[in-house]
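Colleague: So that we are looking at the same thing, I have put the structure below in C-alpha cells.
In the working numbering, the protein residues as written are 4 to 211.
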C-alpha cells in the first residue's frame, strides 16, 4: 500500500468519524427536543385540567350555596323571622359571576346543564322575593319549600355529577340517559312554575 493510499484511508476514517458523530449529535438533539415538547404539552394539559377543576369546584359550590340561601330564607320567613336579603343576594351574585365565567369554557353538554340550572335558580329567586306579598302565604311557603328541596335540589345534584363525569372522576355507563331524563324534568318543572308565577302576577295586577 502506497503512502498516498494510507493517507487517504486516514482522511476517510476521520471524515467518517466526524460525520457519524454529527449525525449522532443531531439525533440526540432531536430526541431531547421531542421530549421537551412532550413535557411542555403535558404541563399545559395539567395546568388546563387544574384550571378546569377549580372552575368546576367554584361553580358547584356557588350553585349549592345559592339554593341553600334561598331555602333558608323561605324557612325563616315561614317561622316569622326577619330575613336578611343581602345573604340571598350575595349568594345569587356569587353564582352569577361563576356562571358568567364558566360559559366561555364549558363543554356543550355541561353548559346545557348549567344554563338550565341557572334559569331554575332564577325562578326560585323570584319565588322567594314574591313571598311577602302573597295572598296565600301557607300555600306559597309549601310551594317554595317543595321547589328548593325537590326539582332545584335535583338540578344542583345533576350539575355536580355532570361536572364529575366531565372531569373523569365519576363514570356511569347509563349516565347520558340519566342526564337527559333529569334535565328534561328540571326544565319542565321550571317552565310550569314560571308560567304559574306569571299568571299569579297578572291576576294580582288585575285585582289591584
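C-beta: ideal position from N, C-alpha, C; glycine also. Computed from a predicted model, the values in this text were never measured in an experiment.
For my contact list, residue 186 and residue 115 are in at a C-beta cut-off of 8 Å; report their separation, rounded to the angstrom.
Modeller: Residue numbering aside, residue 186 sits at position 183 when the chain shown is read from its first letter. Residue numbering aside, residue 115 sits at position 112 when the chain shown is read from its first letter. Yes, residue 186 and residue 115 are in contact; Cβ-Cβ is about 7 Å, under 8 Å.
Colleague: Can you tell me whether residue 106 is buried or exposed, with buried defined as 16 or more other CB within 10 angstroms of its CB?
Modeller: Sequence index remark: in the chain shown, residue 106 carries index 103 (1-based). Counting Cβ neighbours within 10 Å, residue 106 comes out exposed, since fewer than 16 surround it.
Colleague: Give the single residue among 89, 128, 118, 75 whose Cα lies nearest to the Cα of residue 101.
Modeller: On the chain shown, residue 101 is found 98 positions in, with the first residue counted as 1. Cα-wise, what sits closest to residue 101 is 118.
Colleague: Identify, in the order they occur along the chain, each residue of the same chain with its Cβ nearer than 6 Å to the Cβ of residue 113, setting aside the five sequence neighbours on each side.
Modeller: Residue mapping note: residue 113 aligns to position 110 of the chain shown, counting from 1. Excluding residues within five positions, the ones whose Cβ falls inside 6 Å are 165, 169.
Colleague: Work out the CA separation of residue 77 and residue 140 for me, nearest whole Å.
Modeller: For the purposes of this step, residue 140 is identified with residue 137 of the chain shown, where counting begins at 1. For the purposes of this step, residue 77 is identified with residue 74 of the chain shown, where counting begins at 1. Those two C-alpha atoms are separated by around 11 Å.
Colleague: Pull up the distance between the alpha-carbon of residue 147 and that of residue 195, whole angstroms please.
Modeller: As a position in the chain shown, residue 147 is number 144, starting the count at 1. As a position in the chain shown, residue 195 is number 192, starting the count at 1. Going by the C-alpha atoms only, they are around 13 Å apart.
Colleague: Please report the residue range of the alpha helix (DSSP H) in which residue 197 lies.
Modeller: Mapped onto the chain shown, residue 197 falls at position 194. Note, residue 197: alpha helix (DSSP H), 178 to 210.
Colleague: Tell me whether residue 160 is buried or exposed, calling it buried when 16 or more other Cβ atoms sit within 10 Å of its Cβ.
Modeller: Here the question's residue 160 lines up with position 157 in the chain shown. With fewer than 16 Cβ atoms within 10 Å of its Cβ, residue 160 is classed as exposed.
Colleague: The alpha helix (DSSP H) spanning residue 92 covers which residue range?
Modeller: As a first step, residue 92 is located in the chain shown; it is residue number 89 there, counting from the start. It spans 88 to 105 - the alpha helix (DSSP H) in which residue 92 sits, taken as one unbroken run.
Colleague: Counting only C-beta atoms, is residue 182 closer than 8 Å to chain B at any point?
Modeller: Here there is only one protein chain, and chain B is not present.
Colleague: Of all the options 206, 144, 62, which has the alpha carbon lying nearest to the alpha carbon of residue 120?
Modeller: Within the chain shown, residue 120 is the residue found at index 117, counting from 1. Ranking the options by Cα distance to residue 120, first place goes to 62.
Colleague: Do you know offhand how far residue 203's Cα is from residue 192's?
Modeller: As a first step, residue 203 must be located in the chain shown, where it is residue number 200. As a first step, residue 192 must be located in the chain shown, where it is residue number 189. Whole-angstrom Cα-Cα distance: 17 Å.
Colleague: Leaving aside the five residues before and after residue 137 along the sequence, list all residues of the same chain whose C-beta is less than 8 Å from its C-beta, in chain order.
Modeller: Here residue 137 refers to the residue found at position 134 when the chain shown is read from its first residue. Here the set comprises 143.
Colleague: How would you write the range of the alpha helix (DSSP H) that residue 117 sits in, first residue to last?
Modeller: What you label residue 117 is simply residue 114 of the chain shown in a count that begins at 1. Run containing residue 117: 111 to 133, per the alpha helix (DSSP H) assignment.
Colleague: Short check: CB of residue 72 to CB of residue 89, under 8 Å?
Modeller: Within the chain shown, residue 72 is the residue found at index 69, counting from 1. Within the chain shown, residue 89 is the residue found at index 86, counting from 1. Not closer than 8 Å, so no.
Colleague: In three-state DSSP terms, what is residue 153?
Modeller: Position 150 of the chain shown, counted from the start, is the residue given in the question as residue 153. Three-state DSSP puts residue 153 in coil, outside helix and strand.
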